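Please read the structure below before turning to the comments.
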Amino acid sequence: MGFTKYWESAKISFNNNLMYKADFLANSLFIGLIIFIFTNLWKVVYSTESGIIEGFTINMMIWYFLLTESIVTSPGKVIETFGEEVQSGEIAHQLNKPYNYVLFKYSSNISETILRFFFTFSIGAIIALTFVGGIIVDWKTLPFIAIVIFLALTLHFCIMALLGVFVFWMEDAKALSFLYNKLVFVIGGMILPLEIFPPWLAKISAVLPFSYVAYHPAKLFVMFSWDSFFKVALTEIAWIVVTIGLIAIFYNFFIKKLSINGG
Amino acid sequence: MKAIIIKNLTKEFKAKQKEAGVKGSIKSLFKTNYKHISAVNNISFEVEKGETVGFIGPNGAGKSTTIKMMTGILFPSTGEIKVLDYNPQKQRKKLAYNIGTVFGQKPQLWYHLPAIDTFNLFAKIYDLNQREYRKRLNRLIKVFEVEEFLKQPVRKLSLGQRMRCEMIASLLHNPKVLFLDEPTIGMDIIAKKRIRELIKILNEKEGVTVILTSHDLEDVEQVCKRLIIINKGTIVYDGSTKEIRNRHLKYKVVQVILNNKVSSLGLGLKGVKTVFKGKFRHVIEVDTSKYSIQQVVKKIVSKHDVEDINILDPPIEEVISRIYKE
Amino acid sequence: MATRQNLELFKEYIKVNISMALEYRFSFVVQTITMVLNDLVWILFWWIFFSRFEIINGWTMQHMIMLYALLTFSYGTGSVFFGNKSHLSSIISEGRLDFYLSLPKNILFHTLISRSNWFGLGDIIFGLTMAGIVLSIKQWPLFLLLSIISATILIAFAILAHSLAFFFGEASETARSLNMGITTLASYPYNIFGGAVKVIMLTILPAGFITGIPVELLYDFNLIGLLSTLGFAILFLTISVLVFYKGLRKYESGSMITTRI
């Protein structure tokens, strides 16, 4: 019975988001633009190399990027939403309700996230096909890739939720959101797979959770291996658990502070 | 020179019409349907320098549209407007140097900064000579009595204090005509009275022509000698304020809520008209030229077990429809 | 004289906006630092990229730093001194132009300068620092001149994008996307693009004149390049101003009235 309220909120959120057509349009145009830019960039780079760079063909490079971009942009502004609710005092309202606040946020967010992911990826796929063509993916591996993507989206949300909890203390959600974004962008391997990095940086980035949001799932997509699948999936789960743990700790800590201060 | 000359002024809008729903949105992509709205329909009037004119009318009657055309924000469709001999459409800047505007609902003061900062800004906007500006500012500060909170951020001020500062901002450049739109909105009665006094001083001591719109009839009654009522884009009354009061604003509406059901208040007073007969709630109209409110309320309370009594001005729509009927 | 008075007005607005920024100095500092970090992250990205690939079509890491110096400095300057350029469309849609219409100043100028986005200071500092790293003393005058030109084109583009609000009633999202689009285009090496795209980037999406050609001019100066960039900026600005005033006439004739009420 406890589960249905989360399911219901997921459905409502889904319906609400079909309204944001302009938003989707702007997003898809933007994805088109950056794929276009990166196609041009990689074409120039590949013209001087042998056709494969660190195991990636140009097509793989572009589809890699498409996937990271889709994952990273799908959940929307989680941290900002948390931030707004804290600042407007709406949060006090929500805390009175009989459900776990973070879980509630997750369920209402995940449906729109998945919807946006499909939309972004589909549009981007069409554009990528037009500019460079396709890549070879074994269709049997797709469900497993999907699992890893879902885990990546969840981890992405959890990290943002954790930062969102910090808004209780910091008040400026935008800065946090921004910083996290940049971390995923660079050391998460959003544009450049870690193979391109100088080795010392690649090693560090590979173990941090940011690369499990972008690099690892995307690499699995363009270069699937069972070995990687298990490693990545398990590590993602591990990071999700760690993050949830941290959320629980800090959430309770801040709630206590909040109620002491009278909210 | 007259302050304002308006001849056969008309303003029509083309409003896009769209059907509701998805079908409507798609239809509107192919063919746009326009509805012609006549906001202001062939109005004419003149205002002498130094007059105080109240502009009233229900929402959507054309007041704001007319004022916008007088201040150069909106262009007329046809007709002639001259404000201080300037054509607001063609000589917007020159006119702007000579008029002031105060909008109760659209403040001009920077919210997070002290009013004095906005004043200094306006001095630059109007290219005021610094020495003259200082002299004038000090005078206005004295008259409006804002000295003590001049350096506080505007967001910390009460509505009345804020409005006084707003008015100073609109007067720094010595405008000959002042347009005020809902200047007392949201204020308590004491603050309202003060603002009204200040407007009157401006008019009497400095000869500023005042054009005032307000939904509070008392504002208009207290401040304006002349009243123009606009309804559905046409002028339905243009005359002295006193006359309107004597003719139409001499009644009040009393709403009574009783503790037990009664079919009628049964006051038996001529000049008291029943407007609404509920079981617990009764609404009557009292002709205040025949009975004072005090008399009527006394009678009600002596006859019934009263839970609550409200005494209201007749809604302006009532007043206007009555004028219209005459 | 009108120019001196406008300059006085400009200075006064700077004063007022600084007061505002100081009122909320924590937020101001945070936002400024955020801007600088953003710029740094991109430099880091390019450093990783060029560590591996060294030269692409003649562009090196140095070129990228130069590009960022120019782009951030121009963009920051535009944000600080003409802060309302990013808010024009909502000012138009919400009827807030009425305020400016009742005052005796040039509408576009007044609207643009009445707000400063002071966290643009972060971009300015970053841009100047990067310029300090890659420029030789001789190149500074050209750099400053090109920055003014780039800033002009960026502002003109914003005016054009936001003026769509006059014609469509609402344009904030579109304008924002267009502006993001052009700065994105302008932050990549110009010569990775092919001929047809370059044409677009030298006309309706003038990223080529914002960073592309200017960066190349700084390394390989030629007078024609400079003159055409300057000429384009003037032309583009003129067009944007004309479009704005055309839209303003529409606004004043009241065809937007349904969205305004």
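Residue numbers (this note's numbering), protein chains in the order written: chain U, 13 to 275; chain E, -9 to 316; chain X, 26 to 286.
Don't be surprised by glycine CBs; every beta carbon is placed ideally from N, CA and C.
No experiment lies behind these values; they were computed from the predicted model shown.
Of the residues the options, which one's Cα is nearest the Cα of residue i?
| i | options | result |
| --- | --- | --- |
| THR166 of chain U | U:PRO155, U:PRO221, U:PHE266 | U:PRO221 |
| ILE179 of chain E | E:ILE201, E:VAL167, E:LYS4, E:GLY150 | E:GLY150 |
| ASN164 of chain E | E:ASP295, E:LEU127, E:ASP171, E:GLY69 | E:LEU127 |
| VAL144 of chain E | E:ILE191, E:LEU259, E:GLN98, E:THR231 | E:GLN98 |
| TYR58 of chain U | X:ILE80, X:LEU133, X:LYS130, X:TRP71 | X:ILE80 |
| ILE158 of chain E | E:ASP277, E:ILE131, E:VAL167, E:LYS84 | E:ILE131 |
| PHE109 of chain E | E:ALA86, E:LYS141, E:GLN95 | E:LYS141 |
| SER120 of chain U | U:LYS89, U:GLY136, U:ASP150 | U:LYS89 |
| GLY50 of chain E | E:GLU2, E:SER279, E:GLU156 | E:GLU2 |
Below 7 Å CB to CB, which residues in the same chain sit around residue i once its five sequence neighbours on both sides are set aside?
| i | result |
| --- | --- |
| LEU160 of chain X | PHE168 |
Could you name the residues of the same chain whose beta carbon sits closer than 6 Å to that of residue i, not counting the 5 residues immediately before and after it, in chain order?
| i | result |
| --- | --- |
| ILE(-6) of chain E | VAL37, VAL73 |
| PHE233 of chain U | LEU79, ILE157 |
| ARG140 of chain X | GLY108, ASN109 |
| HIS187 of chain X | LEU113, SER114, ALA200 |
| LEU30 of chain U | Confidence at LEU30 of chain U is low in this model, with a pLDDT of 47, below 50, so its placement is unreliable and no value can be given for it. |
| GLY237 of chain X | TYR215 |
| ARG29 of chain X | none |
| TYR197 of chain X | Before going on, a small fix: residue 197 of chain X reads as Ser here, not Tyr. Cβ neighbours of SER197 of chain X beyond the five flanking positions: SER114, SER115. |
By Cβ distance, which residues of its chain are closer than 8 Å to residue i, with the 5 residues on each side in sequence left out?
| i | result |
| --- | --- |
| TRP67 of chain X | TYR93, SER212 |
| MET13 of chain U | Low local confidence applies: a pLDDT of 47 at MET13 of chain U is under 50, so the model's placement there is unreliable, and no value is given. |
| ILE74 of chain U | ILE47, PHE50, THR51, TRP54, ALA140, PHE143, VAL144 |
Which residues in chain X sit within 7 Å of residue i, going by Cβ to Cβ distance?
| i | result |
| --- | --- |
| ALA5 of chain U | Past the boundaries of the shown model lies residue 5 of chain U; chain U is included only from 13 to 275, so the question cannot be answered. |
| ALA91 of chain E | Per the sequence presented here, residue 91 of chain E reads as Thr, with Ala not at that position. Under the 7 Å cutoff, chain X gives SER127. |
| LEU41 of chain U | SER202 |
| ALA38 of chain U | GLU198, SER202 |
| LEU64 of chain E | GLU277, GLY279 |
If you count every other CB in all the chains shown that lies within 10 Å of the CB of residue i, and 16 or more means buried, which is it?
| i | result |
| --- | --- |
| SER82 of chain U | buried |
| GLY206 of chain X | buried |
| LYS58 of chain E | buried |
| LYS163 of chain X | exposed |
| ARG82 of chain E | buried |
| TYR224 of chain U | buried |
| THR263 of chain X | exposed |
| ALA245 of chain U | buried |
| PHE193 of chain X | exposed |
| ILE286 of chain X | Residue confidence is low: ILE286 of chain X scores 39 on pLDDT, short of 50, so the model does not pin down where it sits. Its coordinate-derived value is still stated next. Looking at its Cβ environment, which holds fewer than 16 other Cβ atoms inside 10 Å, ILE286 of chain X is exposed. |
Let me check you understand the geometry: is the CB of residue i closer than 7 Å to at least one non-hydrogen atom of the ligand FAD?
| i | result |
| --- | --- |
| VAL105 of chain X | In the structure shown, the ligand FAD is absent, as is every other ligand, since no ligand is present at all. |
Please list the partners that residue i has in chain X, where partner means a Cβ-to-Cβ separation under 9 Å.
| i | result |
| --- | --- |
| ASN71 of chain U | By Cβ distance, chain X contributes nothing, its closest Cβ being about 17 Å from ASN71 of chain U, past 9 Å. |
| ALA86 of chain E | LEU126, SER127, LEU128, PRO129, LYS130 |
Who are the neighbours of residue i on chain E, taking C-beta pairs under 7 Å?
| i | result |
| --- | --- |
| LYS130 of chain X | ILE115 |
| SER44 of chain X | LEU103, ASP107 |
| VAL41 of chain X | TRP100, LEU103, ASP107, LEU111 |
| GLU370 of chain X | Outside the displayed range of chain X (26 to 286) lies residue 370 of chain X, so it cannot be described from this structure. |
Could you name the residues of chain X that residue i contacts, counting a contact when the two beta carbons are closer than 8 Å?
| i | result |
| --- | --- |
| ILE208 of chain U | ILE73, PHE74, ARG77 |
| GLN98 of chain E | PHE124 |
Please compile the residues from chain U whose C-beta is within a distance smaller than 7 Å of the C-beta of residue i.
| i | result |
| --- | --- |
| ILE81 of chain X | VAL56, VAL57 |
| TYR213 of chain X | ILE49, LEU53 |
| PHE192 of chain X | Per Cβ cutoff of 7 Å: no residues; PHE192 of chain X is ~16 Å from chain U at best. |
| ILE117 of chain X | Ordered by position in chain U, no residue passes the 7 Å Cβ test against ILE117 of chain X, which lies about 18 Å from the chain. |
| ILE217 of chain X | ASN52, LEU53, VAL56 |
Using a C-beta to C-beta distance shorter than 9 Å, which residues of chain E count as neighbours of residue i?
| i | result |
| --- | --- |
| ALA147 of chain X | The sequence as given places Gly at residue 147 of chain X; Ala does not occur at that position. Neighbours of GLY147 of chain X on chain E: none; closest Cβ ~21 Å, over 9 Å. |
| LEU34 of chain X | LEU111, LYS114, ILE115, ASP117 |
| GLU48 of chain X | HIS102, LEU103, PRO143 |
Residue i versus chain U: which residues are under 8 Å apart at the beta carbon?
| i | result |
| --- | --- |
| VAL300 of chain X | Shown here, chain X extends from 26 to 286; a query on residue 300 of chain X therefore has no answer. |
| ASN63 of chain X | PHE190, LYS194 |
| SER52 of chain X | ASP184 |
Quick one: which chain U residues come within Cβ less than 9 Å of residue i?
| i | result |
| --- | --- |
| GLY206 of chain X | LEU41, PHE42, LEU45 |
The segment 172 to 190 of chain E contacting the segment 202 to 215 of chain E, beta-carbon criterion three pairs below 8 Å: yes
Given 8 Å, three or more beta-carbon pairs between the segment 32 to 51 of chain X and the segment 95 to 112 of chain E: yes
Touch test, the segment 36 to 45 of chain X against the segment 166 to 183 of chain X, Cβ-Cβ under 8 Å, three pairs minimum: no
Validate contact between the segment 95 to 106 of chain X and the segment 143 to 153 of chain X using beta carbons, cut 8 Å, 3 pairs: yes
Inter-stretch contact at 8 Å, needing at least 3 Cβ pairs: the segment 104 to 122 of chain E / the segment 66 to 85 of chain E: no
Members of the segment 102 to 127 of chain E near chain C, C-beta cut-off 9 Å: Absent here is chain C; the protein component of the structure consists of chains U, E and X.
Contact the segment 220 to 233 of chain E vs the segment 241 to 261 of chain E: 3+ CB pairs below 8 Å: no
Three CB pairs or more closer than 8 Å across the segment 291 to 304 of chain E and the segment 252 to 259 of chain E: yes
At least 3 beta-carbon pairs within less than 8 Å: the segment 170 to 183 of chain U vs the segment 263 to 270 of chain U: yes
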